[in-house]
Amino acid sequence: FADSSRLLGARRPGYGTLQPDTDPAHMWLIPSDPSPQEVTGYQRRPWRVLLCHAGSVLSAGLLLLLFHWKPSLEVQAKCKPCALGQADWLIIRDRFGQCFTTKVLTEPLGEAGLEQHPGAQQDRRSSVTVAVPDEEESRDTVRLHDKDENLLRYYLFQGMRYVWLERRQAFCRVSVLDEGWTCAELHLCRAGLDQQEHSSRRKIYGPNLIEVPVKSYARLLVEEVLNPFYLFQVLSMVLWVCDAYYYYAACIFLISTFSLGLSLYETRKQSTTLRNMARMSMGVRVRRPGGEELVVSSAELVPGDCIRLPAAGALLPCDAALLTGECMVNESLLTGESVPVMKTPLPAGGAAYCPEEHRRHTLFCGTQVIQAKAYVGGEVLAVVTRTGFCTAKGDLISSILYPKPVSFKFYKDAVKFVLFLAILALIGTLYSILILVRNQVPVGQIIIRALDLVTVIVPPALPAAMTVGTIYAQNRLKKQGIFCISPPRINLCGKIRLVCFDKTGTLTQEGLDVWGVVPLEQQRFLPIVHEPRCLPAGALLYALATCHAVSPLRGQLIGDPVDIKMLESTGWRLEMMEEEEEGELPAFQQFEMKVLAVVKPPPEEEQPRDRRHQAPLGILRRFPFSSSLQRMSVLVKLPGEASAHAYVKGAPEMVASLCRKETVPPDFSQMLRHYTTDGFRVLALACKALGTVATFEEALQLPRDSVESSLNFLGFLVMKNVLKPESAPVIQLLRSANIRPVMVTGDNMLTAMNVARGCRMVEPREGVIFVTASPPGHDKPATLKFVLAEHSQGEEQPEGLQQQHGSSLPPRHCHFALNGKSFQVVCEHFSELLPRILLRATVFARMLPEQKTQLVCSLQELNYCVGMCGDGANDCGALRAADVGISLSEAEASVASPFTSRVATIECVPRVIREGRCSLVTSFGVFKYMALYSLVQFVSVLLLYTVSS
64 FADSSRLLGA RRPGYGTLQP DTDPAHMWLI PSDPSPQEVT GYQRRPWRVL
114 LCHAGSVLSA GLLLLLFHWK PSLEVQAKCK PCALGQADWL IIRDRFGQCF
164 TTKVLTEPLG EAGLEQHPGA QQDRRSSVTV AVPDEEESRD TVRLHDKDEN
214 LLRYYLFQGM RYVWLERRQA FCRVSVLDEG WTCAELHLCR AGLDQQEHSS
264 RRKIYGPNLI EVPVKSYARL LVEEVLNPFY LFQVLSMVLW VCDAYYYYAA
314 CIFLISTFSL GLSLYETRKQ STTLRNMARM SMGVRVRRPG GEELVVSSAE
364 LVPGDCIRLP AAGALLPCDA ALLTGECMVN ESLLTGESVP VMKTPLPAGG
414 AAYCPEEHRR HTLFCGTQVI QAKAYVGGEV LAVVTRTGFC TAKGDLISSI
464 LYPKPVSFKF YKDAVKFVLF LAILALIGTL YSILILVRNQ VPVGQIIIRA
514 LDLVTVIVPP ALPAAMTVGT IYAQNRLKKQ GIFCISPPRI NLCGKIRLVC
564 FDKTGTLTQE GLDVWGVVPL EQQRFLPIVH EPRCLPAGAL LYALATCHAV
614 SPLRGQLIGD PVDIKMLEST GWRLEMMEEE EEGELPAFQQ FEMKVLAVVK
664 PPPEEEQPRD RRHQAPLGIL RRFPFSSSLQ RMSVLVKLPG EASAHAYVKG
714 APEMVASLCR KETVPPDFSQ MLRHYTTDGF RVLALACKAL GTVATFEEAL
764 QLPRDSVESS LNFLGFLVMK NVLKPESAPV IQLLRSANIR PVMVTGDNML
814 TAMNVARGCR MVEPREGVIF VTASPPGHDK PATLKFVLAE HSQGEEQPEG
864 LQQQHGSSLP PRHCHFALNG KSFQVVCEHF SELLPRILLR ATVFARMLPE
914 QKTQLVCSLQ ELNYCVGMCG DGANDCGALR AADVGISLSE AEASVASPFT
964 SRVATIECVP RVIREGRCSL VTSFGVFKYM ALYSLVQFVS VLLLYTVSS
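Numbered by this note's numbering, the letters in the sequence shown go through residues 64 to 1012 in order.
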């Protein structure tokens, strides 16, 4: 990371390289890119440009109008297809089949070329070297441009930069430092970039801005007026005035003007709101080599910059990996979750850095750092990994600016019918001309009458009339506290046949209460203890008091609600260590070492008489909760002890798999099933002594894998999650309307099944079949099992269970239930069975955020019109992918969802569907009326022309 030569490296997962095909003028974006494109190169020819200008003059501007409607036609007319390396213009076809044009831009690189990094071979003809790993993963260089040109060639598409690489003969999306680089390499960025290196990267990456274009009213007016249908309305009104049809022309003019003005106002208002949301400009402290720190504008940041975060917190203007210290971050913009998240330093290992896998160590653009705290040295440092539209916020803004086109068969059929009417108009016009000529009508009148017939058969008021139902439905939804930012999707609501629901915070209450703790004694479960503060001093109580990511802020505990409830149930008090003037954490005499935080027992008068605790506990390090790992852990020091202890909390199945087998009770599955089938949320606790950790610095260097292994099982933490009273009636209403409800949750399978039965997704008399899929092993193929719920021993099926075939199932309606791992295996190894499973699956448990999105897309492939309802936490991807996304979050992340409800219950779902059906019925009725009205009038006029009346 000491140079820029690696910034334009080639094929890494998700890098976004445009691959050339057999035609040098074409290339395709690699499938791993989220926005696949087909790109064709064109080079402008002066003689073609002159011919187009002449054609525009001779056609009285009609050719220009045609070019405005279809820009790709202008490029094809004025330019000649050529190799991409010589292209001036590009025609881009995106994954939705839409065509765009863009100009290839050039920028001089100047004398400050990109330096070569160790291991790369210099190309003598190159002014810029770029690292490209080959199949043997060795380093090579790619010549960016000829030395004589010394130009950077790139194009901009939907906010992204694509840079031309000469040797590869392809455009590549600007690389980001978080793809393909190891965590250890990121830590090397702590020294910062020198000014020359910064300038080079600045030219390649461009400014760190998320620019949302806001067009002026004049430009919006011109674009709207040049719309084919508005142009048709203008010509129709001119024709009616010529025919002394003043009143009708005036009515259409007033309606069109009002509609046009309202449309311009709403369009500009939404663009302005989005621009204000995306705009960020602030001063950032950036490190330079030699320890120098500068305050620069956030627009000047480039990947590789090392920034210092203020202790009081700040708004993040870029994506960055946290190198030192801890940060409490509010990520409501991205996830909709209002609960702050604790971020810890990126481990300095050889693992490849990935923003999703290292989410707990990554600070995302647009999120608010509430508090930044240093371990050692008094500085909280982070390295910039992504800027501009490459950031998480940029991706969110891009999804709003360039959404997936709404595919609605009704609209397509309406366009086809209008084309049919246009053909009828042509036939009728020819017929009317013949009749009028035969009746010796003056030429001027013939022209007016023939053209008037076109306005009769193709009604200019059709688009305005079609939007009436949508506008009224949007207003009614607004009065009910449901806001819509995409009115065309209201009609889609009327077609919903399946709705996916998140569980926690959507079907059930957001908060969890501690129901009790199930301790162990000699590897046997004891009766549940409903008051954790009554537990004796020992590992289980210490795990409850320390294994969390809670932090005090201005006198209040902030963090995950589960962690807060767990800590409060013990009665112990958390105190974070304040920094000394030197910036180091104070050393308490009772610990004889630095600690991150201290957890103190409650006052003696608040403790049980026979079980009083005197010694506080010192937290040395936290490994935050990870969705993929399904656990978190802490390192804790007890006063007077030489070594530290590790405490782990997480999903029962995951924690049990990390424990020594002899410490896990034989009735583990039965006890887990006992609580989860009653609707409780269960977490497992474990611990182990760390003889190798004796100092604070040693704790910081310890890898997570060595901490979370060979554990001793401690017991269960049982928490109760109450179903919302509105959930069951709404689910019952949807089922009675033949709309299929599906639960998609990250919680335990048995807990999800209990909630599904409680809210009537699964009726008492209906059976449930667990679908369990296992990936292939070294000598085993992938397996798929179907087990009746009453035969199951828990979420993990016991070995030896044979597949239950359909003939052995009871003759009643059964629901499928599967977890995220099984869903992934089915998608990869049993894809032919996936549609059949999805048609009967009702409960999806232990689903990761990306799996939720994949599920929604898979259901859409079965021709379902899919709705998704979630509270925003980990649901953003699914909300965006669904045909109709309904967010129950008032956070800023709701802009990613077409619908947002202020009332955090699923009662909004039937309301949205009702209004969608009302709007759809209104649109059908208006269309039928307008079509029949036009046809009747058309036939009547032709009859009158025929009889000369």
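Ideal placement from N, C-alpha and C gives every residue a C-beta, glycine not left out.
Could you spell out the range, first to last residue, of the beta strand (DSSP E) harbouring V984?
-> Here V984 belongs to no beta strand (DSSP E); instead the alpha helix (DSSP H) covers C971 to T1009.
Quick one: what's I832 bridged to in DSSP?
-> Under DSSP, I832 takes part in a beta bridge, and its partners are L851 and F879.
Give the DSSP bridge partners of Y710, in chain order.
-> Here Y710 is bridged, per DSSP, to V697 and C750.
Provide the residue(s) that pair with Y217 in DSSP beta bridges, ordered along the chain.
-> Answer by DSSP bridge pairing, in chain order: L168 and V226.
Give the DSSP-derived three-state secondary structure of I949 in the structure shown.
-> In the structure shown, the three-state DSSP call for I949 is strand.
Taking C-beta to C-beta, are E771 and V711 nearer than 9 Å?
-> In this structure, V711 lies closer than 9 Å to E771 by Cβ.
Inter-residue Cα distance where the pair is L409 and L251 = Their Cα atoms are separated by approximately 12 Å.
Tell me which same chain residues have a C-beta within less than 8 Å of the C-beta of L327, skipping the five on either side of it?
-> Within the same chain, L327 has close Cβ partners Y280, L283, L284 and E287.
Under the assumption that P523 contacts S299 (Cβ atoms under 8 Å), give the Cβ distance between them as a whole number of angstroms.
-> Confirmed, about 5 Å.
Have a look at the DSSP bridge pairing and note the partners of I545.
-> Partner residues in the beta bridge of I545, as assigned by DSSP, are S964.
For S1041: DSSP bridge partner residues | The displayed coordinates of the chain run from 64 to 1012. Any statement about residue 1041 would go beyond what the structure contains.
Own chain partners of A714 with C-beta closer than 8 Å, once the 5 adjacent residues on each side are dropped | The residues are Q693, R694, L746, A747, N811 and R909.
Around the C-beta of H593, are 16 or more other C-beta atoms found within 10 angstroms, so that it is buried, or is it exposed?
-> With fewer than 16 other Cβ atoms within 10 Å, it is exposed.
Just curious, the beta strand (DSSP E) that A602 is in, first and last residue?
-> Taken as a continuous stretch (DSSP letters only), A602 belongs to no beta strand (DSSP E), being part of the alpha helix (DSSP H) at A602 to T609.
What is the DSSP secondary structure of Q434, counted as helix, strand or coil?
-> Strand.
Would you please state the rounded distance, in angstroms, between the beta carbons of A362 and L249? I believe it to be under 8 Å.
-> At roughly 23 Å, the Cβ-Cβ gap does not stay under 8 Å, so A362 and L249 are not in contact.
Is the number of C-beta pairs between the region 558-567 and the region 793-809 that are closer than 8 Å three or more?
-> Yes, they touch.
Is T204 buried or exposed, if buried means 16 or more other CB atoms sit within 10 Å of its CB?
-> Only weak support exists for where T204 lies, its pLDDT of 29 falling under 50; the coordinates are left without a value.
Boundaries of the beta strand (DSSP E) in which E789 is found, first to last residue = Segment: none, E789 is in no beta strand (DSSP E) and carries neither H nor E.
Candidates V478, G778 and A941, of which the one nearest S31 by Cα | Given that the chain is displayed from residue 64 to residue 1012, the structure contains no residue 31 and the question cannot be resolved.
Reduced DSSP category for M340 - H, G, I as helix; E, B as strand; rest coil | Note: M340 maps to helix in three-state DSSP.
DSSP bridge partner residues for Q100 (one or two, in chain order) | Bridge partners of Q100: D157.
Which stretch, first to last residue, makes up the beta strand (DSSP E) that contains V781?
-> Segment N775 to K783, the beta strand (DSSP E) holding V781.
What did DSSP end up calling C822 once you bin it into helix, strand or coil?
-> Of the three classes helix, strand and coil, the one that applies to C822 here is coil, per DSSP.
Taking 9 Å as the cut-off, decide whether the C-beta atoms of L1024 and S691 are in contact.
-> As shown, the chain starts at 64 and ends at 1012. That puts residue 1024 outside it, with no answer to give.
What are the boundary residues of the alpha helix (DSSP H) that includes R264?
-> Following the DSSP letters along the chain, one finds R264 inside the alpha helix (DSSP H) bounded by residues Q258 to Y268.
As assigned by DSSP and simplified to three states, the class of R231 = It is coil, neither helix nor strand.
Collapsed DSSP secondary structure at L482 in the structure displayed = In the structure shown, the three-state DSSP call for L482 is helix.
What do you get for G646, buried or exposed, if any count of 16 or more other CB atoms within 10 angstroms of its CB means buried?
-> Legend: pLDDT at G646 = 40, less than 50; position of this residue unreliable, value from coordinates given subsequently. Classification of G646: exposed, given that the 10 Å Cβ count is below 16.
Name the residue from N554, P844, G778 and R231 whose alpha carbon lies nearest to the alpha carbon of S986.
-> Comparing alpha-carbon positions, the option among N554, P844, G778 and R231 lying closest to S986 turns out to be N554.
Local conformation of S299 per DSSP, three classes | Three-state DSSP puts S299 in a helix.
Using the rule of at least 16 other Cβ atoms within 10 Å of the residue's Cβ for burial, across every protein chain shown, is N502 buried or exposed?
-> Label assigned to N502: exposed.
Just the Cα atoms here: how many angstroms apart are E667 and N393?
-> Looking at the two C-alpha atoms, the distance is approximately 36 Å.
Residue span of the alpha helix (DSSP H) that contains P838, given as start and end = First-last for P838: undefined, no H or E at that position.
Apply the 10 Å Cβ neighbour rule to H611 and answer buried if 16 or more other Cβ atoms are within range, or exposed otherwise.
-> H611 is buried by the Cβ-count criterion.
Per DSSP, the bridge partner or partners of E274 = Paired residues: none, contrary to the question.
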